[in-house]
Every structure is written in structure tokens, then in C-alpha cells.
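For reference, the structure is listed below as C-alpha cells.
Numbering (the numbering used here), first residue to last: 17 to 291.
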């Protein structure tokens, strides 16, 4: 029995065989309320020379929702299982790179700080960090909305927070897909994950100093929740960190501007480190 494939739904794209991939494998972690298909529009560009592994977080998509409440450590353990599986299948000893967005970015930073030897390069995309009391209160208000009114109002609010009105008008099919994904989540599983997002990683921001991986903190210029200020703070807190802001974008660059997003990721993943 494979604990990853039995409990975690994942998808692998890119070169097959031990000699097929030029670059280290890449593991990608989606945001709360979404699933591995969040990366659909960027995976082809990323998977030309590397094996790309996307998976559904616990309680999302087709992954299991274990009994009890959820914690950062649960998501870290799941990510480590996936990365161990990826390393074993690759068989070439190369350490996977790790990209996470929003809650996935929180998970990626937690993995990088707790288990630094497991991560090659790390990308925290549109990731909250060292939030103010007012920012935490805003997240708690959105949690209360989900608890009291369900996922319909949550989807409406998320779409308007995550995408500019002009972009929505120009990309109705993508908006509908995101809206549907949020609405069709299991409410209980969504609430478990969103509480983790609200509370954040209790070891941060201090634990960021223990991340040894070269790290890119990247976000949209107009993201109201995972702000450019936060990305710059991540870059400053990590010993080998840098930040990047994508002009005119909000919370989901892989969906808003997939070509720009994949180019930014490849520039970092394939580029030199600062060390």
C-alpha cells in the first residue's frame, strides 16, 4: 500500500524515466478551496525539462479528509510524503523544488523551515506572512461567513477578491471554473483548511530564518490579502530570499497570466542562486 497514492490524489506531468528529466522534479501545492487543476495553465511550460507533480491537499479535490481538525503539521506531513514519493520514483537523488500558493505557500514555507534538507528551491507565491491584527481579523470574518452562510457567498467574495473586474469580464470561463471549484468543496473539509489558513504557522515569522533553500516570494501587485509587503518580508526573513511583484495581477497568477507566471517561475528555478 502506498500512503501517498492511497490518501493523496496527485498528477505527474513531464519527462518519464530516470534519464528523461534535465531539471530536478517540481512539487506544486495549491491554495485553500482549490485543487491541483489550479496549475493546469502553467504545467505544460514547466514540465518541458522537469517532472511536475501536483497534488490535492487533504480535504480537497480527490484527496482524503482525515477525521478531526486540521493543522499545519498535517499539511506538512502530506507534502513530505509526496516529496519522498517523488524522490523515490525519480531515482536520481535530486532534491525536489517546491512551489506553493496561498495556503500552499504557507505549507511550503513550513516544510522549508522544519525540514530544510528536503527542498531544493522554494517558491512562496501569493503567501501571507506576518499579518497585522487587522489582516487576521479580515480572514476570521471570511471564516465566519463560511461557517454561517456556506460556500456560495464565499465563492462570490473570493472571485471578486482574487480577480480584477476587467479580467473577469475578459475571462468568463476561468472565473466560472474557479467559482464552481469553491462551491463544490465539502464544507466541513473547507472549514478545517481555512482555519489553518486563518491561524497561520505558529512558528512564523521567526522560523523563516531556518529556511536554507533559495527562495522566491512572488505575488500580484494588486493582491489584497497576500500583499507585496508580505512577499518582501518573506524575502528579507529567509537567508537566501528574493521577491518579485507581478504587475496588475491579484491572487491567482497561474490562472490570471499563465505565461507570465510560468516564465517567472522558470527564471527562478533554472537561474543561478545568490550563494
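Note that the Cβ used here is the ideal one computed from N, Cα and C, for glycine as well.
Give the straight-line distance between the Cα atoms of residue 131 and residue 95, rounded to the nearest whole angstrom. By 1-based counting over the chain shown, the position of residue 131 is 115. By 1-based counting over the chain shown, the position of residue 95 is 79. The straight-line gap from Cα to Cα measures roughly 11 Å.
Look at the alpha carbon of residue 201 and the alpha carbon of residue 64, and state the distance between them as a whole number of angstroms. To locate residue 201, count along the chain shown from 1; it is residue 185. To locate residue 64, count along the chain shown from 1; it is residue 48. The alpha-carbon atoms of residue 201 and residue 64 are separated by roughly 32 Å.
How is residue 129 classed by DSSP in three states: helix, strand or coil? Taking the first residue of the chain shown as 1, we reach residue 129 at position 113. In this structure, residue 129 counts as helix in the three-state DSSP scheme.
First through last residue of the beta strand (DSSP E) which encompasses residue 29: For the purposes of this step, residue 29 is taken as the residue at position 13 of the chain shown. According to the DSSP assignment, residue 29 belongs to the beta strand (DSSP E) that extends over 26-29.
In the DSSP assignment, the beta strand (DSSP E) including residue 116 goes from what residue to what residue? Indexing the chain shown from 1 puts residue 116 at position 100. 113-117 is the span of the beta strand (DSSP E), which, as asked, contains residue 116.
Endpoints, alpha helix (DSSP H) assigned at residue 99: By one-based count along the chain shown, residue 99 stands at place 83. Looking at the DSSP string, the run of the alpha helix (DSSP H) that includes residue 99 is 88-106.
Within its chain, find whatever has a CB closer than 6 Å to the CB of residue 125; leave out the 5 residues flanking it on each side and keep chain order. By 1-based counting over the chain shown, the position of residue 125 is 109. Contacts found: 140.
Per DSSP, residue 192 forms a beta bridge with which residues? Taking the first residue of the chain shown as position 1, residue 192 is located at position 176. Paired residue(s): none; residue 192 is not in a bridge.
Output yes or no for whether 9 Å exceeds the beta carbon distance between residue 112 and residue 169. Locating residue 112 in the chain shown gives position 96, counting from the first residue. Locating residue 169 in the chain shown gives position 153, counting from the first residue. For residue 112 and residue 169, no; Cβs fall outside 9 Å.
Assign residue 268 to one of two classes, buried (16 or more other C-beta atoms within 10 Å of its C-beta) or exposed (fewer than that). Working through the chain shown from its first residue, we reach residue 268 at position 252. Of the residues assessed, residue 268 falls on the buried side of the cut-off, its CB having 16 or more other CB atoms within 10 angstroms.
Residue 278 in three-state terms, based on DSSP: Numbered from its first residue, the chain shown carries residue 278 at position 262. It is helical.
Could you round the C-beta distance between residue 219 and residue 118 to whole angstroms and report it? I think they count as a contact, below 8 Å. Residue mapping note: residue 219 aligns to position 203 of the chain shown, counting from 1. Residue mapping note: residue 118 aligns to position 102 of the chain shown, counting from 1. That belief does not hold up - the Cβ atoms of residue 219 and residue 118 are roughly 18 Å apart, past 8 Å.
Taking Cβ positions, are residue 90 and residue 83 nearer each other than 9 Å? The residue labelled residue 90 in the question sits at position 74 within the chain shown. The residue labelled residue 83 in the question sits at position 67 within the chain shown. No, these two residues do not count as a Cβ contact at 9 Å.
For the stretch 253-271 against the stretch 231-240, are there 3 or more C-beta pairs whose distance is under 8 Å? yes
Less than 6 Å between C-beta atoms, sequence neighbours within five positions excluded: which residues of the same chain meet that for residue 178? Counted from its first residue, the chain shown places residue 178 at position 162. Excluding positions up to five away in sequence, the list reads 266, 267, 268.
Measure from the C-beta of residue 265 to each C-beta in chain C and report whether the shortest distance is under 9 Å. Protein chains in the displayed structure number just one, and chain C is not present.
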